[in-house]
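Using our numbering, the letters of the sequence shown map in sequence onto residues 15 to 165.
For every residue, glycine included, the Cβ atom is placed at its ideal position computed from N, Cα and C.
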Amino acid sequence: MAKRNIRLKTDEILRKKCKEVKEITPSIIQLLDDMAETMYDANGVGLAAPQVGVLKRIVVIDVGEGLIEMINPEIIEKEGSMVEYEACLSVPGESALVDRPKKVKAKALNRLGQEFTIVGTDLLARAICHETDHLDGILYFDLALPDEGEE
Ligand code: ZN
15 MAKRNIRLKT DEILRKKCKE VKEITPSIIQ LLDDMAETMY DANGVGLAAP
65 QVGVLKRIVV IDVGEGLIEM INPEIIEKEG SMVEYEACLS VPGESALVDR
115 PKKVKAKALN RLGQEFTIVG TDLLARAICH ETDHLDGILY FDLALPDEGE
165 E
């Protein structure tokens with residue numbers, strides 16, 4: 015495994031749309047391993063492939079409940095709404111309020127190419143939305159709500 019460099023917010027690659035993974039090759043497996051290592055090293059709860067400069071539809075997430083690897087993830091159901099501060103490893107030191115669903119259901123392939131579905135609530139729902147947005151070139155601050163300021 016090897017840690018990869020995390021691209022920062024002005025990097026144009028973060029604005030590109032990622033391509034679907036057609037075949038799970040050894041280099042895809044290596045990418046998954048490297049993404050997990052990079053995410054844990056940065057103390058993040060999620061990382062999308064474009065953040066390490068690869069325009070493929072792959073994300074890794076760990077909100078403290080174990081590693082989730084998602085290839086070609088797709089959100090198929092959204093429920094409720096929840097406004098919380100959100101941050102991104104590509105935007106160090108910043109955060110903003112973002113309205114996300116309270117619960118999402120998503121499907122994806124695992125590293126064996128098997129389809130699975132996952133239901134996430136709260137932080138996991140937020141992480142799934144945030145990371146899949148990255149695959150379409152969307153960064154969380156595009157969706158930021160106005161901050162009410164000091165309280
Ligand atoms: Zn992010």
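Are the beta-carbon atoms of glutamate 88 and lysine 117 separated by less than 8 Å?
Position 74 of the sequence shown, counting from 1, holds the residue named residue 88. Position 103 of the sequence shown, counting from 1, holds the residue named residue 117. No. Outside cutoff.
Apply the 10 Å Cβ neighbour rule to glutamate 145 and answer buried if 16 or more other Cβ atoms are within range, or exposed otherwise.
Counting from 1 along the sequence shown, the entry for residue 145 is found at position 131. So glutamate 145 ends up on the buried side.
Please determine, among Ser95, Val97, Leu149 and Leu28, the residue with the shortest C-alpha to C-alpha distance to glutamate 34.
By one-based count along the sequence shown, residue 34 stands at place 20. Cα-wise, what sits closest to glutamate 34 is Leu149.
Hey, would you say the C-beta of cysteine 102 is under 7 Å away from at least one heavy atom of the ligand ZN?
Your numbering for residue 102 matches position 88 in the sequence shown. Indeed, a heavy atom of the ligand ZN lies less than 7 Å from the Cβ.
Please check the pair leucine 28 and serine 104, which I expect to be a contact at CB under 8 Å, by giving their CB distance rounded to whole angstroms.
Here residue 28 refers to the residue found at position 14 when the sequence shown is read from its first residue. Here residue 104 refers to the residue found at position 90 when the sequence shown is read from its first residue. Contact between leucine 28 and serine 104 holds: CB atoms are separated by about 6 Å, below the 8 Å threshold.
Alpha carbons only, please: which of Ala62, Gly67, Val66 and Asn86 is nearest the one belonging to aspartate 10?
As displayed, the chain neither begins before 15 nor continues past 165, which places residue 10 out of reach and without an answer.
Quick check: the Cα distance between threonine 24 and valine 68, rounded to an integer number of angstroms?
Numbered from 1 along the sequence shown, position 10 holds the residue referred to as residue 24. Numbered from 1 along the sequence shown, position 54 holds the residue referred to as residue 68. Taken atom to atom, the span from the alpha-carbon of threonine 24 to that of valine 68 is near 16 Å.
Comparing alpha-carbon positions, which option in Ala16, Asp47, Tyr54 and Arg71 lies nearest cysteine 32?
The residue you call residue 32 lines up with position 18 of the sequence shown. Closest by alpha carbon: Arg71.
What is the residue span of the beta strand (DSSP E) that proline 87 lies within?
Walking along the sequence shown from the start, residue 87 turns up at place 73. Taken as a continuous stretch (DSSP letters only), the beta strand (DSSP E) holding proline 87 covers 82-93.
Checking the sheet assignment: what are the DSSP bridge partners for lysine 119?
Numbered from 1 along the sequence shown, position 105 holds the residue referred to as residue 119. Beta-bridge partners of lysine 119 (DSSP): Glu91 and Val133.
Name the residue from Ala16, Arg21 and Lys17 whose alpha carbon lies nearest to the alpha carbon of proline 106.
What you label residue 106 is simply residue 92 of the sequence shown in a count that begins at 1. Proline 106 has its Cα closest to that of Arg21, out of Ala16, Arg21 and Lys17.
So who's on the other strand from leucine 111, going by DSSP bridges?
Residue numbering aside, residue 111 sits at position 97 when the sequence shown is read from its first letter. According to DSSP, leucine 111 bridges with Tyr99.
Using the Cα positions of alanine 141 and proline 115, report the straight-line distance between them to the nearest angstrom.
The count along the sequence shown starts at 1 and reaches residue 141 at position 127. The count along the sequence shown starts at 1 and reaches residue 115 at position 101. Those two C-alpha atoms are separated by around 11 Å.
Please find out if some non-hydrogen atom of the ligand ZN comes closer than 7 Å to the beta-carbon of tyrosine 154.
Here residue 154 corresponds to residue number 140 of the sequence shown, with the count starting at 1. Yes, since a heavy atom of the ligand ZN falls inside the 7 Å radius drawn around the Cβ of tyrosine 154.
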